[in-house]
Amino acid sequence: MYDRLKGFRDFYPEEMSSRREVTDALEGTARRYGFREVGTPALERVELYTDKSGEEIVDELYAFEDRGGRDVAMTPELTPTVARMVVEKGQALSKPIKWFSTRPFWRYEQVQQGRFREFYQTNVDIFGSSEPDADAEVLAFAADALTGLGLTGDDFEFRVSHRDILGGLLSAFEADVDVRAAIRAVDKSEKIEPAAYYDLLAEAGLSYDEAERFDALLATDDLSELVDFAGTDRVEAAVSNLQAVLDATEDFGVREYCTVSLETARGLDYYTGAVFECFDTQGDVSRAVFGGGRYDDLIESYGGQPTPAVGVAPGHATLSLLLRRAGVWPEEELATDYYVLRVGDTRPTAARVARDLRERGNVVETDVADRSFGAQMSYADSINAETVVIVGERDLENGEVTVKDMASGDQTTVPVDEFPGSDHPTYDDLS
RNA sequence: UCCGGGUUAGGGUAGUGGUCAUCCUUCAGCCUUGUGGAGGCUGAGACGCGGGUUCGAUUCUCGCACCCGGACCCA
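For the first sequence, our numbering assigns the number 36 to the initial residue and increments by one for each residue that follows.
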């Protein structure tokens with residue numbers, strides 16, 4: 036017996052069919068917004084990640100040297116890869132570029148609820164538009180995908196924030212503030228004690244009074260208060276940008292799912308503008324279900340032309356927790372249209388019948404284990420066959436096959452030459 | 001890397017320092033070479049791994065692995 040690796044999962048048919056439903060719903064929504072599917076490698080040069088984030092992240096990667104002496108890593112996320120792709124094609128791509136893909140990613144980290152070492156995400160990104168419409172379209176995609184899966188505004192909310200509002204406010208203080216550290220502190224603020232939060236802000240350079248003032252500002256309902264406080268063009272522009280994004284979500288029909296929450300910051304460094312996280316409003320899924328936001332500087336930092344970008348990446352593991360909690364996780368029963376039951380040496384006819392039914396698009400099984408009549412009936416029952424077609428020696432002697440409806444147990448005989456006939460012949464059509 | 005709780009057939013469980021480890025379910029075959037859901041019979045199938053204590057360990061003990069939660073981290 037061999038063990039499955041920790042943090043990696045097998046998906047048996049029952050669960051795989053549920054996952055398929057979810058993936059199809061996400062991708063179907065993306066396609067309807069005109070996002071185009073891209074395919075991407077499972078391995079990248081490790082520098083793609085270390086150049087941006089430092090050597091220490093190698094500890095969290097599946098990284099190794101390949102036989103050609105290249106340092107490679109199994110992709111821990113998609114953004115660097117699609118950014119690389121955009122840089123590589125440059126001006127050959129007409130803007131805006133709208134891409135999606137569903138894929139596994141790998142991170143060598145501790146397994147927890149909703150977190151595995153191999154995990155699946157559907158990434159959706161728009162490159163080449165700095166307009167608020169692009170941010171709003173990403174939010175609209177995400178909201179439509181979730182409602183398409185059966186969730187409602189009672190189940191989830193998008194907490195929308197803005198990196199430049201946070202950065203602009205911090206710069207407005209007298210103190211010399213480490214903006215990056217302060218934003219990380221904000222990102223943690225809801226998970227830690229207020230005192231610890233203020234300590235972190237203090238470490239970032241704010242005095243205790245300033246930290247208190249900053250915290251109060253983030254809690255405001257009136258964004259104009261922020262503009263008044265800072266008195267800078269930067270904050271004014273950032274606030275009006277956030278407002279424009281929200282206005283666009285109104286027109287796109289998803290404003291109701293969005294809540295302004297400046298305490299939401301996202302841990303990632305590369306975000307620049309509007310950012311958001313999806314939360315379970317019932318609070319059962321403790322961490323953010325997924326997040327997204329604007330990252331206008333990444334393409335340029337990879338050596339491309341300045342290219343604004345915004346994206347979101349629903350992770351399937353946390354999403355499935357939310358769907359199960361909300362009672363809308365798709366549970367599909369195994370379905371089979373026909374079981375073609377063979378008795379005696381009737382394979383030529385049974386095979387022909389099965390083939391004809393499959394050509395009509397039906398799901399058809401037949402005996403491949405040379406089992407007894409009773410065992411075949413039992414198997415047909417276990418795969419939820421709707422109809423059993425009995426191709427037996429006795430039937431064929433009369434030039435017939437027997438068609439049995441499994442739900443009622445009723446059965447009838449039909450001339451073998453006339454079966455299957457119509458597209459999806461059932462007992463009712465034939466009796 | 002750290003903290004807490006776990007691990008007995010495919011799934012769910014009972015139990016014990018000592019003869020064949022309990023029961024339910026599942027799976028396969030048969031009763032019934034032509035009728036599934038019911039019943040009966042037969043069979044398959046487990047003490048996570050390693051060390052220690054002991055005459056003897058699935059049981060006590062230590063370590064490890066894995067699972068479930070959480071901390072850290074979340075590019």
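The beta-carbon is built from N, C-alpha and C at its ideal position, and this holds for glycine as well.
Spatial neighbours of residue i in its chain, beta-carbon cut-off 7 Å, leaving aside the 5 residues before and after
{"i": "A385", "result": "V375, R377, T401, V426"}
{"i": "E112", "result": "F140"}
{"i": "E238", "result": "A216"}
{"i": "A77", "result": "M109, T110"}
{"i": "A246", "result": "Y233, L236, A237"}
{"i": "D45", "result": "R39"}
Paired residues, beta bridge with residue i - DSSP
{"i": "I156", "result": "The sequence given here has Gln at residue 156, not Ile. Per DSSP, R138, G350."}
{"i": "V398", "result": "None, per the DSSP bridge assignment."}
{"i": "M109", "result": "L78"}
{"i": "E335", "result": "Looking at the DSSP assignment, E335 forms no beta bridge with any residue, so it has no partner."}
{"i": "D440", "result": "T422"}
{"i": "A309", "result": "H197"}
{"i": "E192", "result": "F314"}
{"i": "F287", "result": "BP columns for F287 are empty, so no partner."}
{"i": "A344", "result": "F162"}
{"i": "I132", "result": "F162"}
{"i": "Q147", "result": "R150"}
{"i": "R71", "result": "W134"}
N-terminal and C-terminal residue of the beta strand (DSSP E) that residue i is part of
{"i": "I425", "result": "420-427"}
{"i": "R80", "result": "78-80"}
{"i": "Q446", "result": "446-450"}
{"i": "T294", "result": "293-295"}
{"i": "Y233", "result": "Per DSSP, Y233 belongs to no beta strand (DSSP E); it is in the alpha helix (DSSP H), 229-238."}
{"i": "E100", "result": "98-100"}
{"i": "V375", "result": "371-378"}
{"i": "R329", "result": "325-329"}
Nearest-angstrom Cβ-Cβ length linking residue i and residue j, presumed shorter than 8 Å
{"i": "L354", "j": "V57", "result": "7 Å"}
{"i": "V423", "j": "K439", "result": "4 Å"}
{"i": "Y143", "j": "L83", "result": "About 17 Å separates the two Cβ atoms, so there is no contact after all."}
{"i": "L392", "j": "Y373", "result": "5 Å"}
{"i": "E79", "j": "T116", "result": "6 Å"}
{"i": "F325", "j": "A348", "result": "6 Å"}
{"i": "R395", "j": "D458", "result": "5 Å"}
Limits of the alpha helix (DSSP H) - the one that residue i falls within
{"i": "E166", "result": "Element bounds for E166: n/a, residue is neither H nor E."}
{"i": "V57", "result": "48-67"}
{"i": "V122", "result": "114-124"}
{"i": "F249", "result": "243-253"}
{"i": "L303", "result": "Note, L303: premise wrong, no alpha helix (DSSP H); not H, not E."}
{"i": "Y414", "result": "408-417"}
{"i": "E260", "result": "258-265"}
{"i": "V221", "result": "214-223"}
{"i": "L184", "result": "No alpha helix (DSSP H) contains L184, which DSSP labels as neither H nor E."}
{"i": "L465", "result": "462-465"}
Chain-order list of residues whose beta-carbon lies under 6 Å from that of residue i (same chain, five-residue window excluded)
{"i": "F454", "result": "V436"}
{"i": "A118", "result": "L333, I334, Y337"}
{"i": "V280", "result": "P167, D170, A171, A309"}
{"i": "S466", "result": "T447"}
{"i": "V398", "result": "T371, D372"}
{"i": "Q411", "result": "L376, D402"}
{"i": "D430", "result": "V436, T437"}
Same chain only: Cβ atoms within 8 Å of residue i, ignoring 5 sequence neighbours per side
{"i": "A60", "result": "A180, G183, L184"}
{"i": "E291", "result": "G188"}
{"i": "P48", "result": "L369"}
{"i": "T294", "result": "E192, F193, R194, V195"}
Contact test: residue i Cβ vs the ligand HEM heavy atom, cutoff 7 Å
{"i": "V262", "result": "For the structure depicted, the ligand HEM is absent and the ligand set is empty, with no information on it obtainable."}
So, do the region 158-167 and the region 258-268 have three or more beta carbon pairs nearer to each other than 8 Å?
no
Spell out a yes or no on whether the region 71-89 and the region 41-58 are touching, meaning 3 or more CB-CB pairs, one atom from each, closer than 8 Å.
no
Report yes or no: do the region 144-154 and the region 174-193 share at least 3 C-beta pairs separated by less than 8 Å?
no
Contact the region 358-371 vs the region 326-341: 3+ CB pairs below 8 Å
no
Would you check if there are 3 or more beta carbon pairs closer than 8 Å linking the region 116-127 to the region 306-314?
no
Taking contact to mean at least 3 C-beta pairs separated by less than 8 Å, is the region 287-301 in contact with the region 195-209?
yes
Contact between the region 211-229 and the region 282-294 is defined here as three or more beta-carbon pairs at a separation below 8 Å; is this criterion met?
no
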